[in-house]
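Some notes on the structure that comes next.
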Amino acid sequence: MDIRTVLKQELIKELRLEDIGPEDIDDAAPLFGEGLGLDSLDAVELTVLVQRRFGVIIEDIDAARGAFASVDALAGYIETRKDGMPCTGPLPSP
Amino acid sequence: MRGRHAGLSGESRYRRYGAHSGGERVMTLAVGGAACLGSFGGGMEALMRGAPLSVVHADGRAAAVDTSALKGKLPARALRQLDHFSRTALLCALNALEDAGISESPLRDTGIILASGYGPATPTFEFQDSILAYGELLASPLAFSRSVQNIPAATLAVMLHMVGPCATVCRGDFPVADALCVARQWLEEGRVERVLFGAVDELTPLLAQLTRLRAGLRSSSAGREGLRAALPVSEGAVFFCLTSGKEAPELCGRHTPTIGLNGAAEFSARSGERSDRNGAPAAFAGKGLRGCIEDIRYGRAGNSDSAGNAEAERTAAAAGDAARTGVLRAGTTDSEVAPGSDTGFDGRAGVRGEVPVFLSGAVPRRLRALPGMRYAGHVYGNIPIAQAFDAVSALSCGNGLPAGRALCRAYGAGGRTACLYVRQAENGGGVS
Chain A
26 MDIRTVLKQE LIKELRLEDI GPEDIDDAAP LFGEGLGLDS LDAVELTVLV
76 QRRFGVIIED IDAARGAFAS VDALAGYIET RKDGMPCTGP LPSP
Chain B
376 MRGRHAGLSG ESRYRRYGAH SGGERVMTLA VGGAACLGSF GGGMEALMRG
426 APLSVVHADG RAAAVDTSAL KGKLPARALR QLDHFSRTAL LCALNALEDA
476 GISESPLRDT GIILASGYGP ATPTFEFQDS ILAYGELLAS PLAFSRSVQN
526 IPAATLAVML HMVGPCATVC RGDFPVADAL CVARQWLEEG RVERVLFGAV
576 DELTPLLAQL TRLRAGLRSS SAGREGLRAA LPVSEGAVFF CLTSGKEAPE
626 LCGRHTPTIG LNGAAEFSAR SGERSDRNGA PAAFAGKGLR GCIEDIRYGR
676 AGNSDSAGNA EAERTAAAAG DAARTGVLRA GTTDSEVAPG SDTGFDGRAG
726 VRGEVPVFLS GAVPRRLRAL PGMRYAGHVY GNIPIAQAFD AVSALSCGNG
776 LPAGRALCRA YGAGGRTACL YVRQAENGGG VS
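These protein sequence lines map, in sequence, to chains A and B.
Each residue of the first sequence is one higher than the last, beginning at 26 in my numbering.
Each residue of the second sequence is one higher than the last, beginning at 376 in my numbering.
What follows is the structure, given as structure tokens:
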């Protein structure tokens, strides 16, 4: 499964974006503020989600600022750093 | 009751007061607006029609509260981080404010206090599940934020633009009565002009299990199964806009629902009963509320004000439930139930907890512990948290297995919550 699709599914599920579907998320749209309207608490969750799901650690705020610009930016960040973990779909619920 | 408080302004129409009767402090709280939600639906009208408190599906599951009406009142995006408990509380609070005719924003001089037996249990378990599934470092921050006991009350304060003290009384026994005491204290001290009081609980498998367990423990063996089967385990919320009862006639007219507090908190729902010593009509008197509010009332045995509830007391006594007619201490007790600078809590109240214990093997699916662990049982009741470790050890020994992990969830007074995550010691010598 395409990493962008996986990302969108995880965003919707973990951040409870219950009123939209993956097809409603523009790859280039901002995740925070306008766009998806995420907030700072979501950013913390997103950091953990990326590490949990893709094994990629977002180490500092500067890295996060660039990576969290959009789905495209986050996918690019993950693709260049992930440790080979396959993106086969969302993890099962705990 | 709609619009009855249309003239209520943010200006101070209240003053500090304290009435006395027969040498005992008496204070009446006026219910300016009321709302309820349950599996039967929403609104006092539905309740008054005699709808069953617990609607059960054919498969035995109790129906959940429908909070979809919130989407017509607030933007969907603003609601996305709210769990079911908070949504239930928020919708009910909005309905109570509407019933009271209060629409000002921000809501100044208004305190909010939530009473709950279990608090937001689902998000608490989600956070604990998250720890079990991903470890401490990768547990969900959002789940943690939602698991904090006072979050629902704080969410109400934020969403309703309320400016005032905000507290949660979450404990297994008597949360409603304790929270009412806090409300009374706030009003009496002049800390606020009105209190948005809510009692909320959500149905979880654990709540159902513990409720039936407690019923069994408190019943005679003959009536145990019947009582277990008859218990309406369900979920819902009730909210009151409380003001000083002393000025209630001026504000509310002659049909003033009141809650009388005179050392023992009392709800009185039957037609013609009086719940305070000033002769004010009982709460919702003559409106057909039967068999519901009695179940959560607390009366002092032998108190003349409780005489009309002899039947309820007999029922409680038959169930071995003497605690239901216990005496609420007056005076300084008010500050014991709500810690924090707002109420001068000095930390004397003990923290109570429940202790689900997991051993090696399988666990109930809902509790979602790690594979390879087995649910061993739990200890529930007024257990000082310091004894939780003993409980874990006792359950471990009783099952002949060492405890793998234990999740100790405490009922912190006034919104303080302790979630202890107990692991088996490496050397197998007990619980660490």
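We put the CB at the ideal spot given by N, CA and C, even for glycine.
Computed from a prediction, not measured in an experiment: that's the story for all the values here.
Label residue i either buried or exposed according to how many other C-beta atoms from any shown protein chain fall within 10 Å of its C-beta, with 16 as the threshold for buried.
i, result
"Arg-672(B)", "Low confidence applies to Arg-672(B): its pLDDT is 26, below 50, so where it sits in the model is not reliable, and the reading given next is rough at best. Under this definition Arg-672(B) is a buried residue."
"Ile-86(A)", "exposed"
"Ala-496(B)", "buried"
"Lys-446(B)", "exposed"
"Leu-42(A)", "buried"
"Thr-105(A)", "exposed"
"Ser-522(B)", "buried"
"Ala-53(A)", "exposed"
"Gly-611(B)", "buried"
"Glu-39(A)", "buried"
"Asp-504(B)", "buried"
"Glu-70(A)", "buried"
"Gly-417(B)", "buried"
"Gly-46(A)", "exposed"
"Pro-624(B)", "Only weak support exists for where Pro-624(B) lies, its pLDDT of 42 falling under 50; the coordinates are left without a value."
Our contact map puts residue i next to residue j with C-beta atoms below 8 Å; I'd like the distance itself, whole angstroms only.
i, j, result
"Leu-531(B)", "Ala-464(B)", "6 Å"
"Phe-460(B)", "Pro-527(B)", "6 Å"
"Ala-444(B)", "Leu-466(B)", "6 Å"
"Asp-576(B)", "Gly-492(B)", "5 Å"
"Gly-413(B)", "Val-440(B)", "6 Å"
"Ala-808(B)", "Asp-484(B)", "The shown model of chain B, from 376 to 807, leaves out residue 808(B), and the question about it has no answer."
If you compare alpha carbons, which of the options is closest to residue i?
i, options, result
"Leu-449(B)", "Arg-462(B), Asp-553(B), Ala-439(B), Gly-565(B)", "Arg-462(B)"
"Val-551(B)", "Ser-609(B), Ala-574(B), Ala-612(B)", "Ala-574(B)"
"Asp-97(A)", "Glu-39(A), Ile-50(A), Ile-45(A)", "Ile-50(A)"
"Tyr-509(B)", "Gly-91(A), Leu-74(A), Arg-90(A)", "Leu-74(A)"
"Leu-578(B)", "Ser-609(B), Phe-572(B), Val-557(B), Glu-564(B)", "Ser-609(B)"
"Arg-78(A)", "Pro-47(A), Ile-45(A), Ile-103(A), Glu-48(A)", "Ile-103(A)"
"Gly-539(B)", "Gly-486(B), Leu-571(B), Asp-504(B)", "Gly-486(B)"
"Ser-478(B)", "Gln-524(B), Met-537(B), Phe-572(B)", "Met-537(B)"
"Asp-64(A)", "Arg-452(B), Val-557(B), Gly-416(B)", "Arg-452(B)"
"Gly-80(A)", "Thr-72(A), Lys-107(A), Ala-68(A), Asp-27(A)", "Lys-107(A)"
"Leu-469(B)", "Gly-408(B), Glu-564(B), Pro-580(B)", "Gly-408(B)"
"Gly-494(B)", "Ser-520(B), Gln-524(B), Ser-480(B), Phe-415(B)", "Gln-524(B)"
For a contact defined as C-beta to C-beta under 8 Å, what are the partners of residue i on chain A?
i, result
"Pro-516(B)", "Leu-66, Val-69, Glu-70, Val-73"
"Ser-520(B)", "Leu-66"
Note down, in chain order, every chain B residue with its Cβ under 7 Å from the Cβ of residue i.
i, result
"Gln-76(A)", "Leu-513"
Anything in chain B within Cβ reach of residue i, meaning under 8 Å, just list it in chain order.
i, result
"Leu-42(A)", "Arg-455"
"Gly-62(A)", "Arg-452"
Going by the beta-carbon positions, is the gap between residue i and residue j smaller than 9 Å?
i, j, result
"Glu-501(B)", "Ala-529(B)", "no"
"Ile-488(B)", "Cys-541(B)", "yes"
"Leu-66(A)", "Leu-36(A)", "no"
"Asp-458(B)", "Pro-498(B)", "yes"
"Arg-569(B)", "Gln-560(B)", "no"
"Leu-582(B)", "Ser-619(B)", "no"
"Leu-555(B)", "Val-406(B)", "no"
"Ala-92(A)", "Ile-82(A)", "no"
"Ala-100(A)", "Arg-29(A)", "yes"
"Ser-95(A)", "Gly-58(A)", "no"
"Val-544(B)", "Ala-490(B)", "yes"
"Arg-455(B)", "Asp-44(A)", "yes"
"Leu-482(B)", "Leu-571(B)", "yes"
"Leu-513(B)", "Gln-34(A)", "no"
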